[in-house]
Amino acid sequence: MRPASLDEGKLLAQLREMGAVGRTPEGGRTRHAASDEDGEARDLLVRWMREVGLDVRVDRIGNIFGILAGENGRLDGACMVGS
16 MRPASLDEGK LLAQLREMGA VGRTPEGGRT RHAASDEDGE ARDLLVRWMR EVGLDVRVDR
76 IGNIFGILAG ENGRLDGACM VGS
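Every position in the sequence shown, counted from 1, becomes a number in the numbering used here once 15 is added.
Written out as structure tokens, the structure is:
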């Protein structure tokens with residue numbers, strides 16, 4: 016497995032880009048499930064995951080998983096987060 020690195024500038028740009036999806040005139044954000052805005056945000060996340068080499072899977076109910084295999088393709092020692 017390769018070491019993790021972080022480009023703070025890229026992360027901030029991505030947060031701003033994601034934050035623009037579903038922006039309301041009042042300055043809030045709205046991305047209701049199954050809306051066009053929700054789809055746009057999900058597509059953006061999947062694209063970013065693929066760009067960093069993750070194997071992306073979406074289950075039947077729409078959960079998005081980004082998987083980085085360990086040495087020899089093993090998945091032990093995985094870390095998962097979600098909301």
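The C-beta atom is built at its ideal place from N, Cα and C for all residues, glycine as well.
Whole-angstrom distance between residue j and residue i, CA atom to CA atom
i, j, result
"glycine 43", "leucine 90", "38 Å"
"methionine 64", "glutamate 41", "30 Å"
"glycine 54", "glutamate 86", "33 Å"
"isoleucine 79", "arginine 72", "6 Å"
"isoleucine 24", "aspartate 70", "Strictly speaking, residue 24 in this sequence is glycine, with isoleucine absent from that position. So the alpha carbons of these two residues sit roughly 24 Å apart."
For residue i, the residue or residues it bridges with in DSSP
i, result
"valine 61", "The partner list for valine 61 (beta bridge, DSSP) is empty, contrary to what the question assumes."
"isoleucine 79", "Val73"
"arginine 38", "Arg44"
Residue i, buried or exposed, once every other Cβ within 10 Å from all chains shown has been counted against 16
i, result
"alanine 56", "buried"
"valine 36", "buried"
Residue from the options with nearest C-alpha to residue i
i, options, result
"alanine 28", "Leu59, Ile76, Ser50", "Leu59"
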